[in-house]
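See below for the structure under consideration.
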Amino acid sequence: GLLIGVELDTKARPYCEELMNLGVLAKETHDMVIRFAPPLVISKKEIDWAFKRIEKVLSK
501 GLLIGVELDT
511 KARPYCEELM
521 NLGVLAKETH
531 DMVIRFAPPL
541 VISKKEIDWA
551 FKRIEKVLSK
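For the sequence shown, this note's numbering assigns the number 501 to the initial residue and increments by one for each residue that follows.
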């Protein structure tokens with residue numbers, strides 16, 4: 501699968517919980533990293549859908 505991490509300057513857990521409430525599954529790693537691991541078969545439409553929610557959560 502795919503794997504990407506977003507390093508934050510604060511705890512990642514609250515962001516992961518908010519993403520989960522919006523339908524995006526992510527896992528905090530090393531306290532301050534959000535790990536995304538979508539399947540290889542993810543479509544561009546699904547990526548765009550997820551990124552809208554990720555941008556919404558991270559912009560707060």
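By construction, the Cβ of each residue, glycine as well, lies at the ideal position given by its N, Cα and C atoms.
Under 7 Å Cβ to Cβ from residue i, same chain only, skipping five residues before and after it: list those, please.
i    : result
E464 : Given a span of 501 to 560 for the chain in the structure shown, any question on residue 464 remains unanswerable.
Short of 6 Å in beta carbon distance, which residues of its chain neighbour residue i, apart from the five on each side in sequence? Order them along the chain.
i    : result
L503 : A537
Would residue i and residue j be called neighbours here (beta carbons separated by less than 8 Å)?
i    : j    : result
L519 : I554 : yes
G505 : P539 : no
For residue i, which residues from the same chain have a beta carbon less than 8 Å from its beta carbon, with the 5 sequence-adjacent residues on both sides left out?
i    : result
L522 : R553, K556 and V557
T510 : M532
From residue i to residue j, what does the alpha carbon distance come to, in whole angstroms?
i    : j    : result
D562 : V541 : Lying outside 501 to 560, the shown extent of the chain, residue 562 is not represented and no answer is given.
E546 : L508 : 24 Å
S445 : A550 : In the structure displayed, the chain extends from 501 to 560; residue 445 sits before or after that span and is not available.
H530 : K544 : 29 Å
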